[in-house]
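Novice: Submitted below is the structure of interest, expressed as structure tokens.
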Amino acid sequence: MAHLLSTSCSLNIPSCRKPSFQQLNQGLIGLPTSFTVKTSKSPIQTVILSAQRSQRCHTVYATATPFTPTQSRSGLHQSSNDPSKAKRVMIIGGDGYCGWATALHLSNKGYEVAIVDSLIRRLFDHQLGLDSLTPIASIHDRLRCWKSLTGKNIELYIGDICDFEFLSESFKSFEPDAVVHFGEQRSAPYSMIDRSRAVFTQHNNVIGTLNVLFAMKEFRQECHLVKLGTMGEYGTPNIDIEEGYITINHNGRTDTLPYPKQASSFYHLSKVHDSHNIAFTCKAWGIRATDLNQGVVYGVRTDETAMHEELCNRLDYDGVFGTALNRFCVQAAVGHPLTVYGKGGQTRGYLDIRDTVQCVELAIANPAQPGEFRVFNQFTEQFSVNQLAALVTKAGEKLGLDVKTISVPNPRVEAEEHYYNAKHTKLIELGLQPHILSDSLLDSLLNFAIQFKDRVDSKQIMPSVSWRKIGTKPKTVAA
Ligand code: NAD
Ligand code: USQ
Numbered sequence: 027m028a029h030l031l032s033t034s035c036s037l038n039i040p041s042c043r044k045p046s047f048q049q050l051n052q053g054l055i056g057l058p059t060s061f062t063v064k065t066s067k068s069p070i071q072t073v074i075l076s077a078q079r080s081q082r083c084h085t086v087y088a089t090a091t092p093f094t095p096t097q098s099r100s101g102l103h104q105s106s107n108d109p110s111k112a113k114r115v116m117i118i119g120g121d122g123y124c125g126w127a128t129a130l131h132l133s134n135k136g137y138e139v140a141i142v143d144s145l146i147r148r149l150f151d152h153q154l155g156l157d158s159l160t161p162i163a164s165i166h167d168r169l170r171c172w173k174s175l176t177g178k179n180i181e182l183y184i185g186d187i188c189d190f191e192f193l194s195e196s197f198k199s200f201e202p203d204a205v206v207h208f209g210e211q212r213s214a215p216y217s218m219i220d221r222s223r224a225v226f227t228q229h230n231n232v233i234g235t236l237n238v239l240f241a242m243k244e245f246r247q248e249c250h251l252v253k254l255g256t257m258g259e260y261g262t263p264n265i266d267i268e269e270g271y272i273t274i275n276h277n278g279r280t281d282t283l284p285y286p287k288q289a290s291s292f293y294h295l296s297k298v299h300d301s302h303n304i305a306f307t308c309k310a311w312g313i314r315a316t317d318l319n320q321g322v323v324y325g326v327r328t329d330e331t332a333m334h335e336e337l338c339n340r341l342d343y344d345g346v347f348g349t350a351l352n353r354f355c356v357q358a359a360v361g362h363p364l365t366v367y368g369k370g371g372q373t374r375g376y377l378d379i380r381d382t383v384q385c386v387e388l389a390i391a392n393p394a395q396p397g398e399f400r401v402f403n404q405f406t407e408q409f410s411v412n413q414l415a416a417l418v419t420k421a422g423e424k425l426g427l428d429v430k431t432i433s434v435p436n437p438r439v440e441a442e443e444h445y446y447n448a449k450h451t452k453l454i455e456l457g458l459q460p461h462i463l464s465d466s467l468l469d470s471l472l473n474f475a476i477q478f479k480d481r482v483d484s485k486q487i488m489p490s491v492s493w494r495k496i497g498t499k500p501k502t503v504a505a
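Quick look at the structure:
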């Protein structure tokens with residue numbers, strides 16, 4: 027499947043050459059729903075490659091209109107090369123849940139932003155028959171809407187970062203000062219559906235990140251990589267989790283070493299491999315990088331996405347891409363019992379999507395040094411699944427909902443009762459002002475879910491992917 031999308035196309039947003047996009051998109055939707063990783067060129071790839079040959083242009087972008095950057099609190103969102111110019115931030119995965127909110131936030135703050143995205147996330151939904159709770163506009167309509175509301179351009183490069191030629195052209199064209207890398211297959215259940223998705227996940231994530239590292243070395247040595255990792259890299263050890271490194275005394279000697287990793291899905295493992303590759307290239311090539319080990323994100327509205335319905339972010343509630351708290355709110359809204367897996371003592375770090383965008387901004391404004399591999403644990407509070415279910419039940423009852431909880435046999439292999447205490451002070455020290463999960467946020471998320479409840483497909487709610495029964499053969503629907 028990676029090959030089906032290892033393509034890029036050329037479009038100009040202001041001139042609204044929508045048909046080409048629609049053609050591409052329809053083509054993708056029309057692909058067979060079963061797939062294997064192919065080595066030969068797909069028909070779609072052939073069409074696109076010939077289009078590329080005729081245009082010799084691998085990038086899709088809207089020419090940025092020059093604008094005067096607004097001054098940040100610290101004045102640090104300026105290009106290191108020329109302090110009078112706004113910092114240029116490339117957001118890989120900028121059409122996704124975290125990336126879209128971040129792209130708008132940084133654009134609003136006066137950064138020059140480009141989105142790089144293969145749009146493969148939209149394809150996953152089509153292939154598995156899933157949909158966001160919220161209706162989401164096409165990336166082109168989103169960007170046109172943003173431009174018409176704010177006058178700000180966000181450049182757009184559509185292609186797969188596993189295609190190094192495409193990525194190189196994007197780097198040479200946009201010349202980023204910082205790259206925020208969200209562009210991965212990010213669902214643990216998706217990576218555990220079958221062999222094909224496991225291989226795809228690790229190929230897409232590990233090779234994509236390697237390509238970003240090579241592109242930085244080749245074209246933008248000074249550029250700062252802000253890479254989205256995950257708290258799940260650490261697993262659930264029976265000791266406190268530090269931020270990236272732990273000092274160990276062993277047989278009379280002491281060293282500060284990367285914190286042990288115990289990931290529990292092929293997806294989470296891809297993040298561990300990424301972290302190792304990034305750490306190595308920081309040492310070997312002097313790359314500057316920040317690994318943001320993010321917890322589970324909840325919420326949907328940010329200041330910018332709330333500005334217009336066409337800017338609305340996605341909200342996943344299904345058993346493959348939906349995450350715990352978002353799922354529970356949607357379940358409560360439609361009268362489905364909250365799906366606690368196993369004993370429900372699974373504890374994780376959580377954060378509001380408004381804090382995701384804040385954390386990324388802080389990381390960019392305070393870059394790592396050349397050669398530094400910096401690790402921040404990016405979450406604001408810890409909850410067990412049972413605690414989340416209790417909070418949603420209470421908030422739902424206040425809104426007149428009858429909220430029930432069921433214990434679902436755990437489809438995953440994970441500890442259901444365990445110690446969990448993870449440090450998360452570094453972003454606070456840089457100035458993060460957390461949005462704590464409050465009654466009002468739960469109310470607003472629940473009301474959002476109620477507003478769109480007619481769009482919910484209840485058949486997609488129960489988990490359908492088993493860690494133990496992972497298949498070898500490609501499945502055509504969410505198992
Ligand atoms: P998402 O699936 O909504 O967005 C990811 C985007 O990346 C999609 O638009 C997709 O099309 C794009 N993409 C994937 N592979 C690509 C490739 N090879 N080339 C170009 N574009 C590609 O995911 P999200 O929830 O926004 O997560 C973003 C990042 O944050 C991921 O790396 C994820 O691991 C991390 N993260 C997410 C959460 C969460 O709760 N959502 C929590 C912790 C960490
Ligand atoms: N869970 C339930 N019921 C549900 C859904 C989940 O009990 O209906 C449990 C899971 O078993 C797990 C916990 O809730 O113990 C969290 O699961 P999740 O689906 O909310 O999150 P996870 O699979 O860990 O993945 C999500 C994102 C991923 C990110 C990760 C951060 O999809 O991209 O890396 O959160 S972390 O969890 O810190 O690794």
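For the sequence shown, this note's numbering assigns the number 27 to the initial residue and increments by one for each residue that follows. All C-beta atoms in this analysis are idealised placements derived from N, C-alpha and C, irrespective of residue type, glycine included.
1) Excluding five sequence neighbours on each side, which residues of the same chain lie with their C-beta closer than 6 angstroms to the C-beta of residue 447?
2) Using the beta-carbon count (16 or more within 10 Å), is residue 260 buried or exposed?
3) Helix, strand or coil: how does DSSP classify residue 375 here?
4) How close, in whole Å, do the beta carbons of residue 214 and residue 293 come, if the pair is a contact with beta carbons under 8 angstroms?
5) Our contact map puts residue 273 next to residue 282 with C-beta atoms below 8 angstroms; I'd like the distance itself, whole angstroms only.
6) Going by Cα to Cα distance, which pick from 470, 442, 386 is closest to residue 424?
7) Alpha helix (DSSP H) containing residue 123: first to last residue?
8) Using a Cβ-based criterion (distance less than 8 angstroms to any ligand heavy atom), does residue 374 qualify as near the ligand USQ?
9) Where residue 197 and residue 496 are concerned, what is the direct C-alpha to C-alpha distance, given to the nearest angstrom?
10) Does the distance between the C-beta of residue 347 and the nearest non-hydrogen atom of the ligand USQ fall short of 8 angstroms?
11) For the ligand NAD, is there any heavy atom lying closer than 8 angstroms to the beta carbon of residue 341?
12) Of all the options 236, 188, 256, which has the alpha carbon lying nearest to the alpha carbon of residue 304?
13) Decide if the segment 182-198 is in contact with the segment 364-374; the criterion is three or more beta carbon pairs, one per stretch, under 8 angstroms apart.
14) Confirm, please, whether the CB-CB distance from residue 465 to residue 415 is below 9 angstroms.
15) Helix or strand or just coil, what does DSSP make of residue 458?
16) Run through DSSP, which three-state label would residue 433 get?
17) What is the rounded straight-line gap between the Cα of residue 141 and the Cα of residue 121?
18) For residue 306, count neighbouring Cβ atoms within 10 angstroms of its own Cβ and tell me buried if that reaches 16, exposed if not.
19) Once DSSP output is grouped into helix, strand and coil, what is the label at residue 191?
Specialist: In short, the structure shows the following:
1) Start at 1 with the first residue of the sequence shown, and residue 447 comes out as number 421. Excluding residues within five positions, the ones whose Cβ falls inside 6 angstroms are 266.
2) Position 234 of the sequence shown, counted from the start, is the residue given in the question as residue 260. Per the 10 Å Cβ criterion, buried.
3) By one-based count along the sequence shown, residue 375 stands at place 349. If DSSP states are grouped into helix, strand and coil, residue 375 belongs with the strands.
4) Position 188 of the sequence shown, counted from the start, is the residue given in the question as residue 214. Position 267 of the sequence shown, counted from the start, is the residue given in the question as residue 293. Indeed, because the Cβ distance is near 5 angstroms, the residues count as touching under 8 angstroms.
5) In the sequence shown, counting from the first residue as 1, residue 273 sits at position 247. In the sequence shown, counting from the first residue as 1, residue 282 sits at position 256. Contact holds; Cβ gap of about 5 angstroms.
6) For the purposes of this step, residue 424 is taken as the residue at position 398 of the sequence shown. Of 470, 442, 386, the residue nearest in Cα terms is 470.
7) Taking the first residue of the sequence shown as position 1, residue 123 is located at position 97. Counting along the chain, the alpha helix (DSSP H) containing residue 123 begins and ends at 123-134.
8) Stepping through the sequence shown from its first residue, residue 374 is reached at position 348. Checking every heavy atom of the ligand USQ against the Cβ of residue 374, one is found closer than 8 angstroms.
9) Here residue 197 refers to the residue found at position 171 of the sequence shown. Here residue 496 refers to the residue found at position 470 of the sequence shown. So the two alpha carbons sit approximately 38 angstroms from each other.
10) As a working mapping, residue 347 is identified with position 321 in the sequence shown. True, at least one ligand heavy atom lies under 8 angstroms from that Cβ.
11) Numbered from its first residue, the sequence shown carries residue 341 at position 315. Within the chosen limit of 8 angstroms, the ligand NAD does not reach the beta carbon of residue 341 with any heavy atom.
12) Indexing the sequence shown from 1 puts residue 304 at position 278. Nearest C-alpha to residue 304: 236.
13) In short, these stretches do not touch, since the Cβ pair count stays below three.
14) To locate residue 415, count along the sequence shown from 1; it is residue 389. To locate residue 465, count along the sequence shown from 1; it is residue 439. Contact: no.
15) Counted from its first residue, the sequence shown places residue 458 at position 432. Note: residue 458 maps to coil in three-state DSSP.
16) For the purposes of this step, residue 433 is taken as the residue at position 407 of the sequence shown. Strand.
17) Taking the sequence shown and counting its residues from 1, one reaches residue 141 at position 115. Taking the sequence shown and counting its residues from 1, one reaches residue 121 at position 95. A straight-line Cα-Cα distance of about 7 angstroms links residue 141 and residue 121.
18) For the purposes of this step, residue 306 is taken as the residue at position 280 of the sequence shown. It is exposed - the Cβ of residue 306 has fewer than 16 other Cβ atoms within 10 Å.
19) In the sequence shown, residue 191 corresponds to position 165, counting from 1. The answer is helix: DSSP assigns residue 191 an H, G or I state.
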